[in-house]
Every structure is written in structure tokens, then in C-alpha cells.
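**Q** Going down the list, the protein sequences come from chains A and B. Here numbering that gives the first Met the number 0 is used: position 557 in the first sequence is 556, and no number is missing along the way. Here numbering that gives the first Met the number 0 is used: position 352 in the second sequence is 351, and no number is missing along the way.
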Amino acid sequence: MKVFFRLIKLLKPQLPLMLLGALLSVITVLANISLLAISGWFITLMAIGGITGITVNYFTPAAIIRFLAIVRTAGRYAERMLTHRATFNALAHMRHYFYQQLEPLLPYYQMDLRSGDLLARLQQDIDNLDNFYLRVLLPIFVALISVPIVCYALALFSITVAWFMLSALLIVAIVLPMMSYFSSKKLAKEKTRLESHLTETLVNGISAVKTLLVYQVAISYQRSIASITQQYYDIRYKLVKINAALNALIFLFIHLSALACLFILLPKLATGEIDSKSLVAIILLVLVSFETVSSMPLALQLLPQSLASAARLFAIIDKDKPIDVGSREVQQGDIQFDKFTFYYPEQSKASLTDITLSIKVAEKVAIVGASGAGKSTLINLLMGFWPTKNGVNTGSISIAEHELSQLKQVSLRENIALMSQQGHIFDASIADNLRLAKHDVTNEEMRNACKQVNLLEFIESLPNGFNTWLGSTGIGLSGGQIQRLQMAQVFIRSAQVLVLDEPTKGLDRNNEKIVMNSLLTHVEQQHKSLLLITHKPFMLEKMDKIIVMEQGRIIAQGSHNELINTNDYYQKLLNYF
Amino acid sequence: MKDKTEQQKKQVNGWLKAQKKHAHGRLSRAIALGSLSGLLMILQTAILAYLIDIVIFSSEEEPIFTLTQVSFVLVAVIFIRAVFGYFSECYSRRGAMLIKANIRSRLLHRLFQLGPSYTQTKGSAKLASLLNQGIDSLEDYFAGYLPVIAYCAVIPFAILIAVFPIDWQSGLILLFTAPMVPFFMILIGHKAQRLNQEHWTKLQRMSSHFLDIIQGLTQLKIFNASRREIAAVKTISDDYGDETMGILKIAFLSSFVLEFLASISIALVAVVLGFRLYYGDVDYVFALWVLLLAPEFYLPFRQLGTQYHAKMAGVTAAEDLVEVLNQAQTKSQDQQNNRPEFGSPFTVDIEQANFAYPDRTNALTHINTSFAEQGLYAVIGDSGSGKSTLIDMVLGFVQPNSGQVLINHVPLRSDNRDAWLQHCGWIAQQAEVFHGSLAFNVALSETYDNDLVHEALTKAGLAEYLSSLEGGIETQVGESGAGLSGGQVQRLALARVFYHQPDVLILDEPTSHLDQQTEQLITESINAYAKDHLVIVIAHRLHTVINAKNIIVLEQGQIIESGTHQELLAQNNYYAKQINI
Numbered sequence: 000m001k002v003f004f005r006l007i008k009l010l011k012p013q014l015p016l017m018l019l020g021a022l023l024s025v026i027t028v029l030a031n032i033s034l035l036a037i038s039g040w041f042i043t044l045m046a047i048g049g050i051t052g053i054t055v056n057y058f059t060p061a062a063i064i065r066f067l068a069i070v071r072t073a074g075r076y077a078e079r080m081l082t083h084r085a086t087f088n089a090l091a092h093m094r095h096y097f098y099q100q101l102e103p104l105l106p107y108y109q110m111d112l113r114s115g116d117l118l119a120r121l122q123q124d125i126d127n128l129d130n131f132y133l134r135v136l137l138p139i140f141v142a143l144i145s146v147p148i149v150c151y152a153l154a155l156f157s158i159t160v161a162w163f164m165l166s167a168l169l170i171v172a173i174v175l176p177m178m179s180y181f182s183s184k185k186l187a188k189e190k191t192r193l194e195s196h197l198t199e200t201l202v203n204g205i206s207a208v209k210t211l212l213v214y215q216v217a218i219s220y221q222r223s224i225a226s227i228t229q230q231y232y233d234i235r236y237k238l239v240k241i242n243a244a245l246n247a248l249i250f251l252f253i254h255l256s257a258l259a260c261l262f263i264l265l266p267k268l269a270t271g272e273i274d275s276k277s278l279v280a281i282i283l284l285v286l287v288s289f290e291t292v293s294s295m296p297l298a299l300q301l302l303p304q305s306l307a308s309a310a311r312l313f314a315i316i317d318k319d320k321p322i323d324v325g326s327r328e329v330q331q332g333d334i335q336f337d338k339f340t341f342y343y344p345e346q347s348k349a350s351l352t353d354i355t356l357s358i359k360v361a362e363k364v365a366i367v368g369a370s371g372a373g374k375s376t377l378i379n380l381l382m383g384f385w386p387t388k389n390g391v392n393t394g395s396i397s398i399a400e401h402e403l404s405q406l407k408q409v410s411l412r413e414n415i416a417l418m419s420q421q422g423h424i425f426d427a428s429i430a431d432n433l434r435l436a437k438h439d440v441t442n443e444e445m446r447n448a449c450k451q452v453n454l455l456e457f458i459e460s461l462p463n464g465f466n467t468w469l470g471s472t473g474i475g476l477s478g479g480q481i482q483r484l485q486m487a488q489v490f491i492r493s494a495q496v497l498v499l500d501e502p503t504k505g506l507d508r509n510n511e512k513i514v515m516n517s518l519l520t521h522v523e524q525q526h527k528s529l530l531l532i533t534h535k536p537f538m539l540e541k542m543d544k545i546i547v548m549e550q551g552r553i554i555a556q557g558s559h560n561e562l563i564n565t566n567d568y569y570q571k572l573l574n575y576f
Numbered sequence: 000m001k002d003k004t005e006q007q008k009k010q011v012n013g014w015l016k017a018q019k020k021h022a023h024g025r026l027s028r029a030i031a032l033g034s035l036s037g038l039l040m041i042l043q044t045a046i047l048a049y050l051i052d053i054v055i056f057s058s059e060e061e062p063i064f065t066l067t068q069v070s071f072v073l074v075a076v077i078f079i080r081a082v083f084g085y086f087s088e089c090y091s092r093r094g095a096m097l098i099k100a101n102i103r104s105r106l107l108h109r110l111f112q113l114g115p116s117y118t119q120t121k122g123s124a125k126l127a128s129l130l131n132q133g134i135d136s137l138e139d140y141f142a143g144y145l146p147v148i149a150y151c152a153v154i155p156f157a158i159l160i161a162v163f164p165i166d167w168q169s170g171l172i173l174l175f176t177a178p179m180v181p182f183f184m185i186l187i188g189h190k191a192q193r194l195n196q197e198h199w200t201k202l203q204r205m206s207s208h209f210l211d212i213i214q215g216l217t218q219l220k221i222f223n224a225s226r227r228e229i230a231a232v233k234t235i236s237d238d239y240g241d242e243t244m245g246i247l248k249i250a251f252l253s254s255f256v257l258e259f260l261a262s263i264s265i266a267l268v269a270v271v272l273g274f275r276l277y278y279g280d281v282d283y284v285f286a287l288w289v290l291l292l293a294p295e296f297y298l299p300f301r302q303l304g305t306q307y308h309a310k311m312a313g314v315t316a317a318e319d320l321v322e323v324l325n326q327a328q329t330k331s332q333d334q335q336n337n338r339p340e341f342g343s344p345f346t347v348d349i350e351q352a353n354f355a356y357p358d359r360t361n362a363l364t365h366i367n368t369s370f371a372e373q374g375l376y377a378v379i380g381d382s383g384s385g386k387s388t389l390i391d392m393v394l395g396f397v398q399p400n401s402g403q404v405l406i407n408h409v410p411l412r413s414d415n416r417d418a419w420l421q422h423c424g425w426i427a428q429q430a431e432v433f434h435g436s437l438a439f440n441v442a443l444s445e446t447y448d449n450d451l452v453h454e455a456l457t458k459a460g461l462a463e464y465l466s467s468l469e470g471g472i473e474t475q476v477g478e479s480g481a482g483l484s485g486g487q488v489q490r491l492a493l494a495r496v497f498y499h500q501p502d503v504l505i506l507d508e509p510t511s512h513l514d515q516q517t518e519q520l521i522t523e524s525i526n527a528y529a530k531d532h533l534v535i536v537i538a539h540r541l542h543t544v545i546n547a548k549n550i551i552v553l554e555q556g557q558i559i560e561s562g563t564h565q566e567l568l569a570q571n572n573y574y575a576k577q578i579n580i
């Protein structure tokens with residue numbers, strides 16, 4: 000309930016439009032119901048008039064019928080326009096809100112959950128809320144307003160019929176959907192489990208086609224997919240049956256109610272308490288009155304889903320935000336790690352142990368080591384993604400002799416440019432992607448940076464040049480091209496320190512040579528510091544200092560010439576094809 | 000998407016229709032029951048009209064049937080319709096599920112026929128989502144759209160037959176408006192479709208942008224651009240709304256026309272009937288019946304409008320499905336009439352092989368080499384030099400465009416590939432872990448020999464890890480199971496090899512990302528294995544190749560040199576330049 004009201008509160012700016020849309024919905028539904036009822040009343044009136052020969056005023060009912068027909072049609076159109084408009088407004092507002100709230104939390108909390116999973120769920124949850132107004136709130140509102148109106152109208156003729164219909168409508172709107180919800184709850188859980196099992200097995204298998212074929216298990220894999228599919232569909236079929244039964248029951252209720260009302264009213268007709276015209280009108284009204292609750296089963300089905308999604312989102316955005324207390328601007332200076340030991344939040348094993356190293360202004364430093372040695376952690380800390388002064392951590396990191404935790408994060412990222420391995424290229428144009436790195440980048444700068452990474456020729460060969468759209472809806476870049484584009488982004492940034500995490504991974508030798516030469520020229524000319532993480536021996540001899548890491552510790556540091564004779568790991572690293 | 004020719008469209012539609020047979024008659028049964036229920040509806044409204052007629056005008060003459068009799072019949076009809084509706088829904092969904100299951104298994108089968116080179120170029124994530132969500136989006140096409148199409152043909156027609164003899168004016172009103180409905184819908188639908196296609200990319204871009212922001216949030220922070228981009232989310236969402244409203248407006252307009260026609264003609268029918276009743280032209284019971292039938296006349300058309308989306312989604316998914324299913328295979332799958340058998344020891348000869356991926360320059364040119372009996376063979380070269388393609392060729396996943404691969408002097412083709420693969424093992428650079436138990440991952444089969452699994456895991460250096468697991472070899476691993484480190488995964492792949500003991504082992508440098516300790520263990524194991532098996536490895540590090548029987552150096556798809564470590568050093572070429580000793 001708390002979640003529900005919090006959601007409503009979020010939607011507050013859209014409420015007037017939403018209410019207006021809902022009112023129009025009510026009017027449309029009511030016009031539709033009255034249309035048939037009055038039509039029935041009218042032809043009965045005319046039939047009686049014909050038989051008895053009494054003149055009747057047929058102008059008014061005929062006009063009402065035409066009027067209702069127009070209200071119904073125009074109302075439906077206006078209602079749809081309004082409610083959808085409100086939906087999109089709400090969507091824009093909610094997305095913005097949640098994204099704003101998420102911003103300080105990432106990547107800090109990515110350690111909690113496997114990041115892919117977390118992000119996919121976030122996206123799914125926000126998507127789930129898209130329909131909250133249209134499919135959940137609106138039907139409930141329409142039912143809440145129009146059911147009493149319908150029942151009041153019926154009460155004018157017969158209290159019994161009114162009570163009877165109120166209970167029938169409630170049963171169709173709430174009781175039956177609830178019954179189906181509870182009887183399918185367990186199955187629905189099982190369905191979700193099988194669904195993700197199927198997805199996982201498919202993703203897993205398709206990326207391992209080679210292994211499956213070599214080990215001759217392709218057939219048994221296909222069989223297992225077929226059997227999961229079958230299990231999944233068997234469960235789905237059971238759910239379909241429940242749903243079909245629900246629909247059949249609702250159908251029975253609607254049609255039998257009309258018949259029941261007829262029998263309730265029979266004695267009254269005999270006593271003359273009700274005339275035959277009204278009787279026909281009531282029967283027809285009863286038949287169509289169920290339209291007021293027709294969307295309720297779906298709404299009740301979606302309500303718990305939406306609330307669960309909202310609850311998950313609220314739980315995430317309510318997490319403690321890492322506090323950014325730093326207030327000092329970053330000055331250019333040496334970066335110094337001093338006996339620094341670091342634990343990720345809620346981890347008992349240190350990810351970095353006793354790290355002492357310095358990166359002086361305009362110094363070129365390389366870090367080598369196997370994956371899991373702590374290289375990426377080191378970078379993340381330098382970017383201010385995790386608080387360094389936190390409980391169990393000891394030692395310090397400083398830039399120009401100022402403790403890292405006292406520095407402004409914005410200023411920190413202004414001064415340190417990072418090309419990470421998890422870098423993300425956006426579904427946007429090439430120019431847009433470059434503009435992310437520097438929002439006022441000039442065409443000249445873009446061309447220059449792309450030339451440095453040997454991408455300019457390729458970009459200019461594209462029909463739309465820098466305006467070419469990338470990503471799933473645009474052209475796909477090869478892994479090597481993505482690497483180089485990200486490198487171009489780093490070149491564009493006006494930071495004093497460049498940090499690159501395996502920038503040449505997957506590049507062919509020719510491009511590797513070009514980009515590494517550009518990089519070295521760039522830092523030397525502009526007097527910048529360079530921190531390079533690498534698996535490859537290429538150009539390590541041009542570095543001022545090389546640091547060898549293993550399992551969170553620095554096991555050696557020195558120049559290329561020092562290490563080549565003393566360090567076993569370094570020697571092995573150099574013999575790389 | 001843009002330049003879909005009419006023929007392709009027809010092909011996709013034809014393909015979709017042809018899938019109906021896989022429902023084993025369930026769809027037809029669903030449609031038959033639904034149509035029958037529609038016909039019973041005509042009867043039901045007739046009975047209701049009759050019932051009301053008895054009630055109101057009972058005084059004038061004695062009715063043929065009593066009130067109770069008629070009511071019983073009415074209740075019976077209602078029950079029959081409820082039952083029909085229930086079974087119709089069940090059958091149609093079940094039918095759609097059968098069709099989807101069938102398509103999924105055919106598509107999967109086809110993907111395995113096409114092999115890893117195809118799945119890699121297409122992108123395995125994309126194919127997996129096509130197999131999953133892509134196929135699922137066909138459900139509403141089969142269970143929703145197709146039946147409604149049938150109802151549109153049957154029910155309005157039956158209503159017309161019922162109405163005309165009673166009241167030809169009302170019949171004419173219905174008949175006249177009926178063709179206007181599809182006419183306007185097609186007219187507006189065409190415009191909507193054109194609009195749709197124009198805006199489709201734009202909409203997709205916007206919605207993918209939302210996902211992008213979440214996935215790229217860290218990247219944005221690195222650029223100090225996160226606040227700015229999140230502010231843009233609002234504008235983009237608003238634009239998204241505007242664009243979508245533009246399309247929806249058209250859709251709403253089409254249903255507006257439909258509703259307008261329906262309302263006006265119902266109103267007209269009511270008024271016309273009223274006056275005919277007034278002049279005593281028609282019996283009340285018939286008039287009421289026609290009035291009750293009028294809204295039902297338009298119901299199937301209205302349902303068709305709501306199913307339009309299902310149709311679009313189904314056709315879009317089908318386009319991708321047809322593309323994969325119609326993908327020409329590299330070589331025709333000859334009948335396996337003389338099922339070939341291979342026996343160890345093995346000699347693999349590659350003779351004058353050339354290969355190019357479609358529309359690309361040669362990946363491999365004039366490859367001549369051989370791998371014989373036992374020992375370690377290494378393939379080295381830059382990324383993009385054709386190492387992986389060469390391995391795929393040895394495994395039979397790509398066939399040379401010219402030249403051939405001989406296994407024990409028998410040409411390797413798609414028909415004897417499986418017989419050859421029975422003797423092969425494979426370890427990827429980053430091996431895969433499958434959903435299932437540890438033992439399943441070693442044996443790749445639900446049935447396995449416990450002792451052999453233990454032995455294989457021990458040999459691969461996982462004994463310590465195994466003893467730390469409560470569930471032993473039955474422990475679930477994979478995404479939802481216990482996490483394995485990169486090193487453990489590679490060792491698991493090694494255990495897979497020890498379990499299967501393939502005569503030929505092929506690896507893509509399995510140690511390039513590992514710490515020294517694990518690296519050493521795996522390298523030693525592989526060297527030991529190479530003593531009495533044929534091992535071919537794509538190598539990145541000197542210590543892997545130093546003991547190799549033959550080292551093949553690839554550059555831009557050609558073998559530029561080959562020989563043992565010593566021989567290559569003596570040649571003082573590419574290889575020698577990479578070595579720092």
C-alpha cells in the first residue's frame with residue numbers, strides 16, 4: 000500500500016490529465032451502456048404504440064439515441080488520445096526520476112549483484128511501470144465510478160436488481176480474478192523459473208555451438224531445449240486453462256445475470272410497478288453493464304507486478320548513496336598510493352594489499368599482471384567510484400598531496416580520463432559519442448582524434464560520415480573499431496592524466512602500432528601523465544616505469560631494462576605473439 | 000526493413016500460413032468452435048428476444064412455449080457457448096504453442112547445421128533472442144489474429160443471412176456499412192504503416208537509448224556527462240511520447256471510423272425498426288432480435304483492429320526466422336549412405352586450401368600443412384591473421400572454397416564431419432560453463448561415470464575446489480549456480496578433455512588470462528597430453544610453443560613460416576622478432 004501511494008505521489012504532476020482522461024472513459028462507457036438500453040426502451044415503446052394506436056413522442060428518444068451514439072464515438076476517441084498522452088507524460092517523468100536517483104548509485108553497488116542481471120532487471124522494472132496508469136489505475140478508476148452509477152440507475156427501478164447487479168459486478172471484477180490469481184500463483188512462479196531457465200540455456204548454448212558440436216552433444220542439447228520448451232508450455236497451458244475458465248465463468252455470469260434480472264422483475268411487471276419498456280431497457284442495460292469492469296481482471300493481474308517492480312526500484316534508489324564529501328578542486332600533481340589496502344564493501348578479502356606507487360606529472364607508467372590481479376580496482380579507486388576512506392581500508396591515495404577523499408569528484412574526473420574495458424558505445428551517431436567525451440568538441444578536434452586512432456579514413460568512407468548511427472539500430476562496429484573509437488574519446492578529453500585499461504586488446508598489429516604511437520606522442524607533447532594497463536609487451540620499453548601485480552599486490556616495479564633481467568613474469572609476458 | 004519487395008512479403012506470409020499444419024488441427028478446431036459459438040450467439044439473441052416478447056405481450060395470445068421451457072433452452076445455449084469459448088481458447092493457445100515449439104526446434108537444428116561460423120557472424124546474443132522472444136511473439140499471431148480473421152468472414156455473414164428475411168432495410172444498413180469497415184481500415188492502415196516505417200527506426204533508437212543510459216551510466220560518469228544525459232532523458236522521453244502519439248493518432252482514427260460506423264448504424268437500425276414497429280410492419284420479437292444482433296455484427300471487426308499489432312509483430316519476427324531457415328547451407332547434406340569411420344592415429348592434411356567469408360577478402364590463402372599422429376602443433380599470428388578460421392577448417396565448420404582438408408587421406412566434408420568430431424576435443428579461450436551440475440559440465444551428458452569425473456577433475460587440478468563443495472560433483476554451476484573463477488572455468492574445460500580423452504585436442508590459448516600458477520598447471524597438462532595425442536593450439540605465449548613439433552606462423556591468411564622453435568629462430572623472421580631472449 001505504501002508503495003502504491005508512493006507511486007501515485009510520483010505521478011502527481013500528471014494527475015489532472017489522468018483524471019480528465021479517466022472521466023472521459025467513464026462518460027464513454029456510460030454512453031455506450033445507455034445507448035443500448037434506450038434503444039431497447041425505444042423500440043418497445045414504438046411496438047406498444049403500434050399495437051395500441053396511441054401516438055407517442057418518438058422525437059426525444061430518437062434524438063437521445065443519436066446523441067449517445069455520437070458521445071460514445073467521439074468520447075472513445077478523445078479518451079484514448081488523452082489517456083495515452085497522460086501515459087507518455089507519466090512515462091517521461093518516471094524515467095527521468097528513476098534515472099536521476101540511480102545516478103549516484105552506480106557503479107558503487109554493482110559489486111552487490113552481477114551487473115548484467117541488475118541492469119536488465121532495472122530496465123525491466125521501469126518498463127513494467129509504463130502501463131501502470133493505462134492498464135491498472137484507469138480500469139480501477141472507471142470501475143469505481145461507473146459501477147455505483149449503474150447500480151444507482153437500476154435502483155430507481157428495483158432495489159433488488161440493483162443489489163443483485165452490484166454483487167454480480169463485484170464478483171466479475173474482483174472475486175473471480177482473485178480466484179484465478181490464487182489458483183495460478185504457484186504455476187506463475189514455476190513459469191517464471193522455466194522462462195529464465197529457457198533463456199539461460201538458449202543464450203548459453205548458442206554461444207557455445209562449437210563446443211557442443213565438437214563434443215557431439217548438439218543433439219542432446221537440442222533435445223534438452225525441446226524438453227524445457229515442452230515443460231514451459233505445459234505450465235503455460237495450465238495457466239491458459241485457468242484463464243480460459245475465468246473467461247468462461249465471466250461469460251456465464253454476464254448472460255445468466257440478464258436472465259436472472261428478468262425473473263426478478265417479472266412479479267413487478269405483473270403488478271404494474273414497472274412497465275414493459277423499462278423492463279427491456281433494464282435487461283439490455285444489465286447485459287452491457289459488465290463493460291464497466293471488463294478491464295478489471297487484467298488490472299488486478301498487473302497490479303501486483305507493477306507494485307513489485309516499483310518496490311524493487313524504490314529499494315534500489317533508497318540505498319545509502321556514497322557520500323561525495325570532497326570539496327577541493329584537483330590540482331595537477333603527482334599521484335601517490337601509500338601503503339594502501341582496500342576492501343570492496345562487504346567483502347572480507349582485500350582486493351588490494353599494501354600498494355605503494357607513484358605516477359609523477361608527465362610520467363608514463365604501465366601496470367601488467369593476470370586478470371584478477373587488482374589492476375582494474377586500482378583504476379576504479381582513482382576515478383573515485385569507491386570511497387577510499389572507509390572502515391577497514393588503510394593507507395592513502397593522494398593527488399598533488401591532497402587526500403583523494405577530499406577532492407571533488409567532478410573535478411577528479413575532469414582531470415583523469417579513463418578508457419575502461421567495460422567502456423560503452425552508445426546507440427547514437429559517431430559524433431554524438433565523441434561529444435559525450437567533450438560536449439563542445441569541434442569538428443576539427445573530432446577529425447584529429449579519429450586520425451590519431453586510424454579511424455578517420457573509415458568514418459569518411461561511410462555515406463553519413465560522423466553522423467553515422469552506431470549500435471543495435473545502426474551499423475555495427477568491429478571490436479577493434481570500438482576500441483579505437485573509445486581511444487579517440489580519451490584523446491578528446493582535456494584531462495591531465497590518461498588511464499587506459501588494455502587499449503589494444505584485439506587490435507591487429509598495424510593498428511596497435513598506430514594507436515600506441517599516437518598515444519605516446521599525445522602524452523609527451525601535452526605533458527600528460529599516462530597509466531597503461533596491459534597484457535601485451537608492446538612498447539613497454541618506452542614506459543618510464545612498469546609495475547607488476549599479482550593477486551592484489553605489487554610484486555615488482557622498475558624500468559623495462561631492470562625488469563627484463565630480474566622478473567620472471569615480465570620475461571614471459573614479453574614473449575607474446 | 001526498408002526495401003522489402005512484395006515477393007519477400009508474400010514469402011513471409013506464405014511461410015506463416017504454412018506453419019498452421021504444425022498445430023495438428025488444434026487451430027482449426029479452435030476456429031471451428033469459435034465460429035460455432037458465434038452462430039449460437041445468433042440463436043441465443045433470438046431466444047432472449049422471444050423470451051422478452053412472451054413476458055411483455057403474454058396477455059394477447061397463448062405462446063407456443065412456456066416461459067420456463069424457453070428459459071431452460073436459453074440457459075443451455077449460454078452454457079454451451081461458455082464451454083465452446085473455453086475450449087476454443089485452450090485449443091488456439093495450445094495450437095500456437097505447438098507451432099512455436101516446432102519452429103524453435105527447427106531453427107535450433109538449422110543453427111547447428113550452419114555451425115559456429117554462422118552463429119558468430121550473426122551474433123549469438125541476437126540469435127538467442129530470436130529463438131526466445133522472437134518466436135514467442137508469434138503466439139498472438141496464431142492464437143489471436145488468425146482466428147479473428149476467420150470470425151470476420153463467418154459471423155457477420157451469418158448475421159446478414161438472419162437479418163435480411165426479417166428486415167431488409169436493417170440488412171441493407173449492415174450490408175452497406177460492412178465493406179466500408181475494411182475499406183476504411185485498409186485506407187488508414189496503409190497510411191499508418193507508412194508512418195510506422197518512417198518512425199520505426201526513430202522509435203527504436205529512442206527506446207534503445209533508455210537501455211543505453213542504464214548500461215552506460217558508469218561510462219557517462221567517467222565523462223562527467225551523467226547529469227547532462229539524464230536531463231536529456233526527459234526531453235527524449237517527451238519526444239518519444241510525441242512520436243508514438245503521432246502513430247497512435249492514426250490508429251485511433253481508424254477505430255474512430257469503425258466505431259462511428261457501428262454506432263450510427265446501430266442507432267439507424269433502432270430508429271428504422273422503431274418506426275416499422277409503430278406502423279405494425281414487423282413483429283416485436285424480430286425487431287428486438289435484430290437490435291440485439293446489430294452490435295454483434297461489428298464485434299469481429301473491432302477485434303480485428305486490436306489484433307493488428309499482433310499481426311505486425313508476427314510478420315516482423317517471421318522475416319528474421321525465414322532468413323535463418325532459408326540460409327543456404329555451405330554444402331548439400333549428402334545422404335550418409337556409407338557412414339565413414341575414422342580410427343587413430345590421425346593425420347590431418349590441408350592441401351591448397353583457400354577460404355573467404357561471403358563478401359569479404361580471403362581469410363585463408365594457399366594453406367598447405369599437415370598435423371600428424373601425436374605431438375603439439377602451434378598456430379601463431381596476429382589477431383585477424385586467420386588462426387581461428389584455420390582451426391574451424393580443421394574441425395570441418397568451414398569448408399575450403401578450393402583445395403581440401405584430408406583426415407587420414409579422406410576428404411573432410413559435412414557428411415563425415417561428425418564422425419571426425421567424435422575424435423576431437425576443444426577448449427576455447429574463455430571456456431563455457433553450462434547450466435547443470437559440475438559432473439554434467441565435465442561429461443556433457445546427464446549420465447556419467449562418477450569415478451571418471453572425479454579422476455578428470457583431479458587431473459585438471461580441481462580436487463581442492465571439489466572438496467570445498469558440499470554437493471560434490473552434483474553441485475550446480477553456471478549462471479544461477481556457484482560462481483567459478485576464470486581459472487577454474489579453464490580447468491573445468493580441461494577436465495572435460497580428460498574425461499572424453501579425444502584423440503585430437505584443439506585449443507585456443509586457454510591460459511592467456513590466467514595467473515601464473517594456473518597457467519603453469521594447464522600448460523603442463525597440455526604438454527603431457529600431447530605426448531600420446533595430437534594437440535593443435537592457437538598460441539600467444541612462448542612457453543606454450545617452445546616444445547612444439549611444428550609452429551605455423553600465419554599472417555594475413557597465409558603461412559609465412561613454419562618449423563620448430565629452433566628452426567624458426569634460425570630463420571630470423573617474424574617469429575624470431577617476437578622472442579626476447
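The beta-carbon is built from N, C-alpha and C at its ideal position, and this holds for glycine as well.
Since Tyr180 (chain A) and Gln300 (chain A) are thought to touch, with beta carbons under 8 Å apart, how far apart are those beta carbons, to the nearest angstrom?
**A** 7 Å
**Q** Could you give the distance in angstroms between the alpha-carbon of Ser331 (chain B) and the alpha-carbon of Glu350 (chain B)?
**A** Reliability fails at Ser331 (chain B), whose pLDDT of 45 lies under 50, so the model's placement of it is uncertain and the value that follows must be treated cautiously. Approximately 22 Å between the Cα atoms of the pair.
**Q** So, using beta-carbon positions, are Leu451 (chain B) and Tyr498 (chain B) closer together than 8 Å?
**A** Yes, they are a contact pair.
**Q** Can you grab the Cα-Cα spacing for the pair Leu29 (chain A) / Ala62 (chain A), in whole Å?
**A** So the two alpha carbons sit approximately 17 Å from each other.
**Q** Name the DSSP beta bridge partners of Glu554 (chain B), please?
**A** Assignment of beta-bridge partners to Glu554 (chain B) by DSSP yields B:Gln557.
**Q** Looking at the structure shown, is Asn432 (chain A) part of a helix, part of a strand, or coil, going by DSSP?
**A** Helix.
**Q** Using DSSP bridges, identify the partner residues of Ala377 (chain B).
**A** B:Val536 and B:Ile550
**Q** Cβ of His532 (chain B) less than 8 Å from any chain A Cβ?
**A** no
**Q** Identify which residue in B:Ala529, B:Gly33, B:Gln489 and B:Phe86 has its Cα closest to the Cα of Pro344 (chain B).
**A** B:Ala529
**Q** I want to see whether chain B comes within less than 8 Å of Ala244 (chain A), judged by CB atoms only; does it?
**A** yes
**Q** May I ask you to report which of helix, strand or coil DSSP gives Met548 (chain A)?
**A** Under the three-state reduction of DSSP, Met548 (chain A) is assigned to strand.
**Q** In terms of residues, what are the limits of the alpha helix (DSSP H) holding Gly394 (chain A)?
**A** First-last for Gly394 (chain A): Thr393 to Ile398, but that is the beta strand (DSSP E), not the alpha helix (DSSP H).
**Q** In chain order, what residues of the stretch 159 to 174 of chain A put their CB closer than 8 Å to some CB of chain B?
**A** none
**Q** Hey, could you find the ends of the beta strand (DSSP E) Asp343 (chain B) is sitting in?
**A** The amino acid at residue 343 (chain B) is misidentified as Asp; the sequence shows Ser. Note, Ser343 (chain B): premise wrong, no beta strand (DSSP E); not H, not E.
**Q** Have a look at Gln421 (chain A) and Gly557 (chain A) and give me their C-alpha separation to the nearest angstrom.
**A** 28 Å
**Q** What are the complete alpha helix (DSSP H) segments, minimum 4 residues, inside the stretch 111 to 161 of chain A?
**A** For secondary structure counted as the alpha helix (DSSP H) over 4 or more consecutive residues, the stretch 111 to 161 of chain A holds these complete runs in sequence order: 114 to 128 and 137 to 154.
**Q** Nearest-angstrom Cα distance between Met45 (chain A) and Ile51 (chain B)?
**A** 15 Å
**Q** Give the secondary structure of Phe250 (chain A) by DSSP, where H, G and I count as helix, E and B as strand, and everything else as coil.
**A** Here Phe250 (chain A) sits in helix by DSSP.
**Q** Would Thr510 (chain B) and Glu518 (chain B) be called neighbours here (beta carbons separated by less than 8 Å)?
**A** Yes; because the gap between Cβ atoms is below 8 Å, this pair is in contact.
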